[in-house]
Structure formats: C-alpha cells, structure tokens
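Trainee:
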Amino acid sequence: MTLAASPHHILTVTVENKPGVLSRVAGLFSRRAFNIVSLAVSPTDDERFSRMTIVVDAESAPLEQVVKQLNKLIPVIKITEVPPAEGVERELMLVIVKAAAETRGQVTELTAIFEAKIVDVGYDAMTIMVVGEPEKLDAFSDLVKPFGIVELQRTGRIALPKLARESTRLRSVKTARA
Amino acid sequence: MKLTGAQALIKSLEMEQVEVMFGLPGGAILPVYDPLIDSSIRHILVRHEQGAGHMASGYAHATGRPGVAMVTSGPAATNIVTPLCDAYMDSIPVVVITGQVAYSVIGTDAFQEADTVGITMPVTKHNWLISDAQDIPRVVREAFHVATTGRPGPVLIDLPKDVANAPMEWYWPEKVDMPGYKPNVKGHPRQIKDAAKLINEARRPVIYAGGGIMLANASNELRALAELTGLPAVTTLMGRGALPDEHPLCLGMPGMHGNFTAVTAMQKADLLITLGARFDDRVTGKVSTFAPDAKVIHVDIDPAELGKVRLADVPIVGDLRTVIDEMIKALKSERSKQDPPDLAPWLATIHDWQERYPLKYRQEEGGPLKPQFVIESLRDNTPDDCILVSGVGQHQMWASQLWKFKLPNTWVNSGGLGTMGYAVPAAVGAKVGRPDRMVWAIDGDGCFQMTAQELVTAASERIPVKIAILNNAYLGMVRQWQELFYEERYSEVYLSPDLPDYVKWAEAMGCVGMRVDTADDVVATIEKANEIDDRPVVIDFRTDWREKVYPMVAAGSSNDDIILGPEFGEGGR
Ligand SMILES: Cc1ncc(C[n+]2csc(CCOP(=O)(O)OP(=O)(O)O)c2C)c(N)n1
Ligand SMILES: [Mg+2]
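Quick note, the sequences are listed as chains A and B, same order. Under numbering that gives the first Met the number 0, the first sequence has 22 at position 23, and the numbering climbs by one with no breaks. Under numbering that gives the first Met the number 0, the second sequence has 8 at position 9, and the numbering climbs by one with no breaks.
Below, the structure is given as structure tokens:
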C-alpha cells in the first residue's frame, strides 16, 4: 500500500504564529507516539495565525486522543478534522527523471498525460512538477521509475473540506473549548 | 513608571501574591536577585536546584497555592528538569523562573547556554522565552493562570539576561487573554444526569477517587456523594486523604500495593465512579482484565484523560467540585423517581474482605525492627493534621498503606514519576507553606542520600522538618523485585546500614540526629523528635531488610492475581 492510500486522518490546525509552535506540535506527536505522515505549515490571511495541515497515521493512535492532546497545546487555536472522503486534498511533487535522447519522448508523453509540467531540462534529465491528489503523485512516480528517478521531493498534502452542497459535513472537533 | 525587566519580574511575582520562593542564583539570573533584596518575597537558598523544584512542589501540595522556584541558566535549568517532570506527572502547580544567556547571543553556545524552553517543553504545561521586557507582567500573569487553572501543572519562564536589564514601562494586565486556553469547568448537564442514573442502578458501585479531588478542593463534596447513598470509595496514591481513612466507606489504596479489599472491590465492581483519577497502570494492572464488569463514569477537567486508557460510558469534562455537586442533585432527583437497589449485600461482601484480608505484618518481641511498626508508631504519635511526606520505594508504599489520613492535603509524595529524593526537599517546602503544622517525612536510605543536603537549607533557615529514615541498607523496592522476579539474584542493590553514618551526617548538617535499633525505643524517640521545634531532626531507624511490601500485583499481571504475602500462608494467594 502506498503512503497516500494508507488509512489516515487529516487535521487542519490553526495555531498562533509564534516561535517554537512547530516544535511543540512535533514534540507532542513524538512524545505520545503518534505518527505523522506529512505536515505542511503555511501562513494564513491573518498574520497572527498559521495553518498546519497534519496527516496522521490512523493506525498509530485514536484520532480522539490526537485531537484532545493537540488541543491542550496553548498556541493551538482551532482543530478541524477533514475526513479523507470529504476533503479536497492536493500535493505538489518535483521529480528529476533520467531522460536521455531515446527515452525523452516517453517521459514527455507521460508528463502530458498527467497534466504535469517540465520545469527544467538538462542533457540527460528533466525536472517535472506534478500537482494533484497524492494518489496521482504516487502513480506518476511509479510510472517514471523505470526511466530512473534521480531525485524526488513532495510537499506533503494540504486539504480543505469539500464545499457543502447538500449538507455540511465539515466536522469541527474543537469541542472542549466552548 | 519605568522599571528594569528584573524589577518588573519581582513586582509581577508580588502582584501574584507570591510570599516565598526557592532558588539559587548564578550569572544569567543575577539581575533578578538584586531587586529581590528589596522585595517582600522570602527567598530560601537551596543547596541544589532539584531541591528548589521539589520544595516548590511540596509547598503547593500543602497549601494548594502555586510553588515558585528561581534558578539560573544552563546547568541550573537542567537540574530543575526532574522536579518539573515530577510536578507535570502529578499535576502540581509550580512556576519556575530560569535565567537565560542574553537574547542577542542565544544560539551561539554561549557560556551556560542551554535550550531550556526546548528541554522543558515536554515536562511543562506551557513555557515562555521572553524576548521583550515589556512582555514580563503579561507573561507572569499568564504563567500563574496556566499553572493554577484547568488541570494544574508546572510552567516555566525563561528570562534572558539582557531582557532582565532592559527598561520597560510598568503595567499590570487586568485580565488574561489567551485564545488557545479556555479550560472547561462546568460539566455537561445531560452527562451528569446519565451518571446519576448509572449510580442509581448500580449494585456494586465503587468511587475511584484520585489526586484530582485535592486539586479541585472537592473532598467535602466527595464525602457528601459517598454518604448520600453509601458508596464505598478507594483513594489512590495521589488521592490518599480525599476521604478520611477512618470513614466507614473508605477502602484505602488500590493498585499494585493496594490492600486486597480496595483492589478487589474495583475488580468486582459493576460501576466505577472515577473522580480525578487517570487509570494509571499501577492502579489497573493489566488493563484488559481490569474491572471487567464495570461501567465507567469518568470525571476530569482534562478532556484528554477521558478515554485515554479506559473508555468511559459516561465521560464528563469539568471541575470536580461543581460536577460532584451537580451529580448529588441529579442523584437525589433520580432517587425520588426510582428506588436504588439495596447496597447492603455489596457492603457486606466488602466488610467480609476487610476482615479476612487486612494488611498484616508481625513485630516480634526482641526481633528485628519492622518498618511497618515504625510507621504505625509514627502515625499514632503525631497530630491528626500532621503532614506526611515520603520518598519512593518500599517505605512509600507502607506509609501510604498504613497511615490513617484524616484530612486532604496531608500526604505529599511523588506518584506519577516516582522520584527518589523527593521527600527531604518536599518536606521543607510543605513546612514553609504550613509552619503551623508538624511535618514528618518517611524516607528510604537510598532516597535520603539523593537530596539530604537540603537539610542544610532547612537548618540554616530554621525550618524544623522531621525525617524518619527507614534504613534497610538496601534499595529495598528494587531488591524486592530481584528477590521475587529474578530468582534472588541481587544486582547492585546493597547500600550499607552505617555508611554513611546518618546520625553524624544529620549533625553535620545542623540537625538533631538519633538512631533506633529496637522496637522498644521507637515511641520514645518519636516523642523526643516531636519536642524539637528549632531545627530539623533525623532519625535513623534500622529496619529489617528482609521485609517486603504486600499485597502485590506483579507488573503486567491482572489484579485478579493479587499476592497477599507470607502472612497468609502458602503462596499468599
Ligand atoms: C531517581 C530514581 N532513581 C531510581 C529509581 C528506581 N527505584 C525505585 S524504588 C528504589 C529504591 C529506593 O530505595 P530506598 O530509598 O532505600 O527505599 P526502600 O525501597 O528501601 O524503602 C529505586 C532505586 C527511582 N524511582 N528514582
Ligand atoms: Mg532502603
């Protein structure tokens, strides 16, 4: 099973934009033996806060404990759980693929099929940027592997809830802070 | 008004009504020690920073108010990590202030630089590194607020030297504004009603009362709840004294070295009313076999405790005092609608266990001095409101088992972390907080050697604590495990009865030192010690090294497999 498809929870965590907050969150996860699959930190439209998108290995800990322990961190303002089925997840990957003259065409073709983008070209390799659902990134890296992957980097996913059409499914789990 | 950061810190502590702090100065905290001279705050100069931390904790235990310690950077800060972790595990409100190298050189491996905030993050409820002197009053206010509200705990303020020297404009924040910290105190009415319903239906209920009762100041409420319907209650190691031991409904301590009745009543219960306790592995034994038939009501101010170890049928987040009060009301209304089952058969079963399986030991005439005999003699020759402190090991378990606690906050010990060396400094802190009370510590010979130097502090500050060393010449608790679980292969557990000479050591530290070898001398020596009120006293009780703590549930075993001990015949099962 690939990383992207393994059982996971996605938490969107609004935190105070202060030094050491990332370390508090990371420290909590290691101390409580919760596994992080990926973690992305970004500024928000309000400069007092940052947003962390944390993907937690669902098998390492019950989600409720993770959320409750996170809630106890004072710089944590709000936690929203995005159930994988109810969120829009995206991730970005940069991958350097070997592409000598005889295989270059095939790599370019794959790039086109995945609606990816060639962002750098060398004599015998190309850097390709792929954006999409994490599963799509998995698929692309599987397919180019036979050509030879020189280097690969992924950002870790970010996620937002799907927009409500029939019902609001977004579950705010910061209940303890009434 | 313009002040320096250091002056603002001292003034902020005064605003927080700090009367006493425990500490030891050094380079990075020097600026703060200067305005301290002109402050109303009493400072107690410790001999090791670990002592300062445990004193602050003992003070908090005995008074219910936050204990304060102040030390310098680097090695002093690392010396106080153990007390922080200790207070964190037991939810004790402690505020530690550490000096730090100048903010401008942080990260350069400056002299006595340590990443104090980083090191103490996992052992504090929260910590702060101050970068601007103007923030000092706000941070102090927040620190005391965080330490004392919700689930209490230790906090740390790291103050760089240049920030302490920098000017600031004095203010005192009217209120605390922390968007990410809003502890819930009022329990959910629906849940409370459900809890009352469960209590009113239970045939074999047991109240499982923990240290939270003390922290919430809820022992009167606990008693009212127990008495309302005749609910028997166990009091955990941290909860001893929550209900007086002589109360007919008090079953005493459960857990690994709990008495048979307390352990078995929980095991056989059909309802556990869990109040400020956390299903510690030392209480539950093997979790999967713990109280298998019991439904669980779990009340705690920390939502993360609910469902952490044992799923609760009725989880309630809230302050125990208000929740128990509401629970009593709900229970009364429940009972007006429906008669509860008769609890008499359950209480009769419990009394039968109490009669058949009491705590047992034998002090033989002219035989070796039994540690239990010392503890019982101390118990019977001290005032009801005496504060009892203990170290960690066999002596701690016997003390907790055999003492008859009459009041809350009279038992000061290291539960969660099990910190050897806790007793002497914690006793000093307790006595400073409650000078009107007699304070006795029951300590092990191993523990005593870890922090005994704080008796120098006590002697020089005229803090008359009394220490009873149960000197069995061994790291007794470890020895017990090696005897029982490692085929009597004793590895590095022998100390020595007379190296050091505890009497001479006590005298060298400015204390009165006495030695007792036989049961006949025990009471007279205790009485002599009780008379001394101008300096600390240390009694070296030479106790029987063979004695083991029973009952016992072996680590990882089920509480059903409790071992009663040799006094109960073959195997003691
Ligand atoms: C700081 C620390 N180190 C080691 C231990 C492990 N330990 C638990 S009890 C114990 C023996 C304590 O010996 P002593 O103080 O003589 O008490 P006794 O068990 O003999 O009553 C030890 C080593 C501990 N709890 N704390
Ligand atoms: Mg010993």
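Glycine is no exception: its CB is placed at the ideal position from the N, C-alpha and C atoms.
Shorter than 6 Å, the distance from the beta carbon of Asp-384(B) to the closest heavy atom of ligand 2, or not?
Mentor: Outside the cutoff, so no.
Trainee: Have a look at Val-552(B), Val-154(B) and Met-326(B) and flag the residue whose alpha-carbon is nearest the alpha-carbon of Thr-123(B).
Mentor: Minimum Cα distance to Thr-123(B) is reached at Val-154(B).
Trainee: Given 6 Å as the limit, tell me if Cys-84(B) has its C-beta closer than that to any heavy atom belonging to ligand 1.
Mentor: No, the Cβ of Cys-84(B) stays beyond 6 Å of every heavy atom of ligand 1.
Trainee: Kindly indicate which three-state DSSP category Lys-1(B) falls into: helix, strand or coil?
Mentor: Note: Lys-1(B) maps to strand in three-state DSSP.
Trainee: Within 10 angstroms of the Cβ of Phe-110(B), are there 16 or more other Cβ atoms? Answer buried if so, exposed if not.
Mentor: Under this definition Phe-110(B) is an exposed residue.
Trainee: Could you please tell me which residues of the region 290 to 305 of chain B, in chain order, have their CB closer than 9 Å to any CB of chain A?
Mentor: Cβ contacts with chain A come from Asp-301, Pro-302, Ala-303, Glu-304 and Leu-305.
Trainee: Using only the alpha-carbon positions, how far apart do Ala-61(B) and Val-411(B) sit?
Mentor: Spanning the two alpha carbons is a distance of roughly 7 Å.
Trainee: Does ligand 1 have a heavy atom nearer than 6 Å to the CB of Met-252(B)?
Mentor: No, the Cβ of Met-252(B) stays beyond 6 Å of every heavy atom of ligand 1.
Trainee: Just to make sure I have the definition right: I need the residues of chain B whose C-beta is within less than 9 Å of the C-beta of Val-75(A). Which are they?
Mentor: Ordered by position in chain B, the residues that pass the 9 Å Cβ test against Val-75(A) are Gly-179.
Trainee: Bridge partners of Glu-41(B), per DSSP?
Mentor: Reading off the sequence, residue 41(B) comes out as Arg, not Glu. Looking at the DSSP assignment, Arg-41(B) forms a beta bridge with Val-19(B).
Trainee: If you measure from the CB of Asn-412(B), is any heavy atom of ligand 1 nearer than 6 Å?
Mentor: For ligand 1, not one heavy atom lies less than 6 Å from the Cβ of Asn-412(B).
Trainee: Could I get the ranges of all uninterrupted beta strand (DSSP E) runs contained in the region 161 to 214 of chain B, with 3 residues as the minimum, in chain order?
Mentor: Runs of the beta strand (DSSP E) inside the region 161 to 214 of chain B: 166 to 168 and 204 to 208.
Trainee: Under a CB-based cut-off of 7 Å, is Gln-181(A) close to chain B?
Mentor: What is shown of chain A runs 0 to 177, which leaves residue 181(A) out entirely.
Trainee: Please confirm whether Ala-641(B) and Val-438(B) have their CB atoms less than 7 Å apart.
Mentor: Only positions 0 to 572 of chain B appear in the structure, and residue 641(B) is not among them; the question remains open.
Trainee: Glu-15(A): which of Phe-48(A), Leu-162(A), Leu-69(A) and Val-96(A) sits nearest, CA to CA?
Mentor: The residue with the shortest Cα to Cα distance from Glu-15(A) is Phe-48(A).
Trainee: So what's Met-51(A) in DSSP terms, helix, strand or just coil?
Mentor: Three-state DSSP puts Met-51(A) in a strand.
Trainee: Please state the DSSP three-state secondary structure of His-297(B).
Mentor: Reduced to three states, the DSSP call for His-297(B) is strand.
Trainee: Is the region 160 to 168 of chain B close to the region 188 to 205 of chain B, with three or more CB pairs under 8 Å?
Mentor: The region 160 to 168 of chain B, when compared against the region 188 to 205 of chain B, does not touch it at the 8 Å Cβ threshold.
Trainee: Indicate whether Met-419(B) and Val-455(B) have their beta-carbon atoms separated by less than 7 Å.
Mentor: No, these two residues do not count as a Cβ contact at 7 Å.
Trainee: I'd like to know whether the C-beta of Met-120(B) is nearer than 7 Å to at least one C-beta of chain A.
Mentor: Taking Cβ atoms only, chain A reaches closer than 7 Å to Met-120(B), which makes this a yes.
Trainee: What beta strand (DSSP E) runs, 3 residues minimum, are completely inside the region 78 to 141 of chain B?
Mentor: Fully enclosed beta strand (DSSP E) runs of 3 or longer: 93 to 99 and 125 to 128.
Trainee: Once you ignore the five residues that flank Lys-557(B) on each side, which residues in its own chain have a CB closer than 6 Å to its CB?
Mentor: The amino acid at residue 557(B) is misidentified as Lys; the sequence shows Ser. Excluding sequence neighbours, Ser-557(B) sits near Gly-284, Lys-285 and Thr-288.
Trainee: What do you get for Gln-16(B), buried or exposed, if any count of 16 or more other CB atoms within 10 angstroms of its CB means buried?
Mentor: Counting Cβ neighbours within 10 Å, Gln-16(B) comes out exposed, since fewer than 16 surround it.
Trainee: Cα separation between Ala-177(A) and Leu-274(B)?
Mentor: At Ala-177(A) the pLDDT is 33, less than 50, meaning the model places this residue with poor confidence; the figure from the coordinates comes in the next sentence. Cα to Cα, the separation comes out at about 22 Å.
Trainee: Does the distance from the CB of Tyr-58(B) to the CB of Gly-432(B) come in under 7 Å?
Mentor: Yes; because the gap between Cβ atoms is below 7 Å, this pair is in contact.
Trainee: Under 8 Å, with one C-beta from each stretch per pair, do the region 113 to 128 of chain A and the region 53 to 72 of chain A reach the 3-pair mark?
Mentor: As far as the Cβ criterion goes, the region 113 to 128 of chain A does not touch the region 53 to 72 of chain A, which means the pair count is below three.
Trainee: Taking all protein chains shown into account, do 16 or more other C-beta atoms lie within 10 angstroms of the C-beta of Glu-530(B), making it buried, or fewer, making it exposed?
Mentor: Looking at its Cβ environment, which holds fewer than 16 other Cβ atoms inside 10 Å, Glu-530(B) is exposed.
Trainee: Does the region 465 to 474 of chain B come close enough to the region 537 to 545 of chain B that 3 or more CB-CB pairs lie under 8 Å?
Mentor: A contact exists between the region 537 to 545 of chain B and the region 465 to 474 of chain B.
Trainee: Using CA atoms only, rank isn't needed, just tell me which of Pro-370(B), Ile-105(B), Ala-113(B) and Asp-520(B) is closest to Val-548(B).
Mentor: Checked all of Pro-370(B), Ile-105(B), Ala-113(B) and Asp-520(B); the closest Cα to Val-548(B) is Pro-370(B).
Trainee: Identify which residue in Val-130(A), Gly-104(A) and Asp-141(A) has its Cα closest to the Cα of Arg-153(A).
Mentor: Taking only the C-alpha atoms, the option nearest Arg-153(A) is Val-130(A).
Trainee: Counting only beta-carbon atoms, is Arg-30(A) nearer than 7 Å to chain B?
Mentor: Answer yes: the Cβ-Cβ gap between Arg-30(A) and chain B drops below 7 Å somewhere.
Trainee: Using the beta-carbon of each residue, which ones in chain B are nearer than 7 Å to Arg-23(A)?
Mentor: Result: Met-120.
Trainee: Starting from Ile-272(B) and walking both ways along the beta strand (DSSP E), at which residues does that stretch end?
Mentor: Element bounds for Ile-272(B): 270 to 274.
Trainee: Please confirm whether Lys-17(A) has its beta-carbon closer than 7 Å to some beta-carbon of chain B.
Mentor: So, not an interface residue.
Trainee: Is Gly-443(B) near ligand 1 - that is, is its Cβ less than 6 Å away from at least one heavy atom of it?
Mentor: Gly-443(B): yes, Cβ under 6 Å from ligand 1.
Trainee: Can you give me, in chain order, the residues of the region 50 to 66 of chain A that have a beta carbon less than 7 Å from any beta carbon in chain B?
Mentor: Taking 7 Å as the Cβ-Cβ cut-off against chain B, the residues of the region 50 to 66 of chain A that qualify are Glu-63 and Gln-64.
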